[in-house]
Amino acid sequence: MIEALYEGVFSTTLNSGLQVLVEEVPTSRSVSVGIWVKVGSRDDPDSLFGLTHFLEHLLFKGTFTRDATRMAQEIDGVGGHLNAATGKESTFYYAEVPVDGLHLALEILTDLVQHPALNPKELERERGVILEEISSHKDDPEQHAYDLFNAGLWEGSHPLSRSVLGDRSTIKEVTREEVAGYHRRFYQPGNMVLVVCGAIDAKRVIATVEQLFDPFSMSSGVSRRSPPSMRSGRTLHKRETEQSHIYLGLPGTNASDDDRFALEVANTVLGDGMSSRLFRIIREERGLAYAITSSVTLYSDAGFWVLYAGVAPVNVAEVVKITLTELNRLLGEGISPDELSLAKAKLQGHLILNLETNANRMARLGSAAVTGREILSPDELIGRVGAVSLEDIARVLARFARPDAVNLAVIGPRTADVEKLCGLG
C-alpha cells in the first residue's frame, strides 16, 4: 500500500522489506535517487575499524554485469553524477540525473548495492587508495582535529568515537571474505531506504523499484546498538601547526527528541552564523579567529552540541574563556525576544532554501528515515521552529548547556597557557 505522507510525498514498504520514499516535484527537469543502508562506522566489528567505508569504496569497482568503467560511462552518457558517503550510522549511495536518466540511475544503484563483484584485484588496489585517504586525512589539521575530538567525546571505547575511515592496521588486514560477509549481513532490502525526488510519478517509480530489487530479504544482521554517554574533561593533543583548533563539546539530544528544535535555535544564537554572539565577539569585535562556529549533531540514540574555533596558539586561552563566559551568560540570562525571532527566521529561511534542489529534498527524507525520526512536511518543520518559545530555550539550556559537562579538546602547539587551560601545568 502506498501512503501519502503529505502533499507530493509518498511512502511504501515492499514485500522484501525495502522502504521506498518518493517526492513528486513536477516543475523539475532532474531526478535525485538515493539508497541508504542502515550500517555505518559505529557498526564496524571491533577488530575491523573501517570495514563499512572499505565496502562502500569497493561497490564502485563493479558488479557482476558492469565494471567500473561501464558504470562511469553510463552515468556520464546522461550527464549525471554518481557518488556515495559513509557516515557513523548509515552508508549513502546516490545519483543525480536528468529526468530521462531515471531508469538508468535506479538500475545502476540497485545493481551496485545488491550485486557487487568484490574482485580481489580491485580490493587490493582500493586498499592502497584508502590507506592514502587516511594519510591525507591526518595531514589535514582541521579534519584530524575533529577525529581527535570525537575520540575523546564518549565514555569508554564507544564505536561513535571511531573515525569513519578506519585504522591503517585494520585496513591492511581486511580480507575479501570479511567484506563479502559484511555485505551479506547488512545489505538486505529490509535494512535499506530508497528515496527518489523529481519530476516523476510515484506509482511508476515504486513499480520499477519492485522489479529491480530482489523480491526477498534475509534477516538483517544489524545488532542492537548501545547508546553512548558523553564524558567531560579537557584534553590537549600536541601538534606543531600554525593554528590551534578548539573543540568545545556539550551534551545534545537524539534525532527524534522534540527538544531538537529549541536546541537548534539556541545554537543559532550562540555560534551559528554572522549574527551569532560568538562570531560577533570573537571575530568581529576582537579579531581573534577567522573560523568560529557551532553546530548540533543528532544520532538515532544520542547527540552533541559543539563549538569550534581555529585560532593562533597564543589566543587559545582567551577564546576558550570568552566562549565559556558566553555559555554561562546564555544559561543564566537566556536569550532576548529579538534574538529568538532572528534565529527562528534564519532556520526557517535555511529550510526553504534547501528545498530548491532535489538532492537536498532527497537527503532530508532519507536521513529522517534512517535515524527513525518522524518525516515532517516543510510546513510542519517551519511550524515546529516557529513554535519555539523563550521558555523552551531556557529548558534546553538547563538540560544541555551545563558547565560541568564541557568536553574541551585543543589540538595544536603546547604552550604554557594551553597546558594550564587543560590542567597540565
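For the sequence shown, the numbering used here assigns the number 626 to the initial residue and increments by one for each residue that follows. Backbone N, C-alpha and C fix where the C-beta goes; we use that ideal spot for every residue, glycine too. Keep in mind the model is a prediction, meaning the values are calculated, not measured.
Less than 8 Å between the C-beta atoms of L978 and I1007, yes or no? Not in contact: L978 and I1007 (Cβ atoms no closer than 8 Å).
Give me the Cα-Cα distance between G994 and I1000, rounded to the nearest whole angstrom. Reading off the sequence shown, one finds Ala at residue 994, where the question assumed Gly. A994 and I1000 have their C-alpha atoms spaced approximately 7 Å apart.
By the three-class DSSP mapping on this structure, what secondary structure does E865 have? Judged by DSSP in its simplified three-state form, E865 adopts coil rather than helix or strand.
Sort V830, V724, T795 by Cα distance to L756 and report the nearest one. Ranking V830, V724, T795 by Cα distance to L756 puts T795 first.
Kindly provide the ranges of any beta strand (DSSP E) runs that are 3 or more residues long and lie completely inside the segment 666-728, ordered along the chain. Entirely contained in the segment 666-728, the beta strand (DSSP E) runs reaching 3 residues are, in chain order, 706-711, 716-723.
For I1000, does the three-state DSSP call read helix, strand or coil? In this structure, DSSP gives I1000 a state outside helix and strand, which the three-state scheme calls coil.
Any contact of the segment 877-888 with the segment 911-930, i.e. 3+ C-beta pairs under 8 Å? Three or more Cβ pairs closer than 8 Å define a contact, and the segment 877-888 meets that threshold against the segment 911-930.
For the 8 Å Cβ check, are there 3 or more pairs between the segment 645-657 and the segment 718-727? At 8 Å Cβ cutoff, the stretches touch.
Where does Y807 land, buried or exposed, given buried means 16+ other C-beta within 10 angstroms? So Y807 ends up on the buried side.
Does DSSP put F886 in a helix, a strand or coil? It is helical.
Inter-stretch contact (C-beta, 8 Å, three-pair minimum) for the segment 814-822 and the segment 948-962: Segment contact: the segment 814-822 against the segment 948-962, fewer than three CB-CB distances shorter than 8 Å; contact not assigned.
For a quick check, are the C-beta atoms of L785 and G675 less than 8 Å apart? Against a cut-off of 8 Å, the Cβ pair of G675 and L785 comes out as no contact.
Please list, in chain order, all residues of the same chain as I1036 whose beta carbon is under 6 Å from its beta carbon, the five residues on each side excluded. Excluding residues within five positions, the ones whose Cβ falls inside 6 Å are A770, L773, H862, R864, H870.
Kindly indicate which three-state DSSP category N940 falls into: helix, strand or coil? N940 falls in the helix class under three-state DSSP.
When the Cα of Y872 is compared with those of D692, C1047, T677, which residue comes out closest? It is C1047 whose Cα lies nearest to the Cα of Y872.
Have a look at R1020 and T690 and give me their C-alpha separation to the nearest angstrom. Cα to Cα, R1020 sits roughly 56 Å from T690.
Which of the three DSSP states, helix, strand or coil, is assigned to V894? In the structure shown, V894 falls within a helical segment according to DSSP collapsed to helix, strand and coil.
Residues of its chain near T638, where Cβ-Cβ distance is below 6 Å and the 5 sequence neighbours each way are ignored: Within the same chain, T638 has close Cβ partners Q644.
Distance, Cα to Cα, D1003 vs V1010? In the sequence as displayed, the identity of residue 1003 is Pro instead of Asp. P1003 and V1010: Cα-Cα distance of roughly 11 Å.
For the segment 697-704 against the segment 1023-1042, do three or more pairs of beta-carbon atoms, one drawn from each stretch, fall closer than 8 Å, so that the two count as touching? No: the two stretches stay apart, fewer than three of their Cβ pairs being nearer than 8 Å.
Measure the alpha-carbon distance for P840 versus E780 and round it to whole angstroms. Distance between the alpha carbons of P840 and E780: 42 Å.
Sort A934, L673, V939 by Cα distance to L949 and report the nearest one. Scanning A934, L673, V939 for the CA closest to the CA of L949 turns up A934.
Would you give the residue range spanned by the beta strand (DSSP E) that R644 belongs to? The amino acid at residue 644 is misidentified as Arg; the sequence shows Gln. DSSP places Q644 in the uninterrupted beta strand (DSSP E) bounded by 644-649.
Cβ of G874 within 8 Å of any chain D Cβ: No chain D appears in the structure shown, which is made up of a single protein chain.
Just to confirm, is the Cβ distance from V799 to L673 under 8 Å? Yes, the pair counts as a contact, with Cβ atoms nearer than the cut-off.
So, is Y719 buried or exposed, given that buried needs 16 or more other C-beta atoms within 10 angstroms? Y719 is buried by the Cβ-count criterion.
Mark K1045 as exposed unless 16 or more other C-beta atoms lie within 10 angstroms of its C-beta, in which case mark it buried. K1045 should be labelled exposed.
Between the Cα of F1051 and those of N775, A742, Y631, spot the shortest distance and give me the residue it belongs to. Given a span of 626 to 1050 for the chain in the structure shown, any question on residue 1051 remains unanswerable.
Hey, how far is the Cα of I960 from the Cα of D897? Between I960 and D897, the C-alpha separation is close to 14 Å.
Let me make sure I understand the geometry here. Which of M626, L875, N640, C822 has the alpha-carbon closest to that of N985? The shortest C-alpha separation from N985 is found at C822.
May I have the straight-line CA-CA distance separating S900 from H740, to the nearest angstrom? Going by the C-alpha atoms only, they are around 49 Å apart.
By the three-class DSSP mapping on this structure, what secondary structure does I917 have? Collapsing the DSSP output to three states places I917 in a strand.
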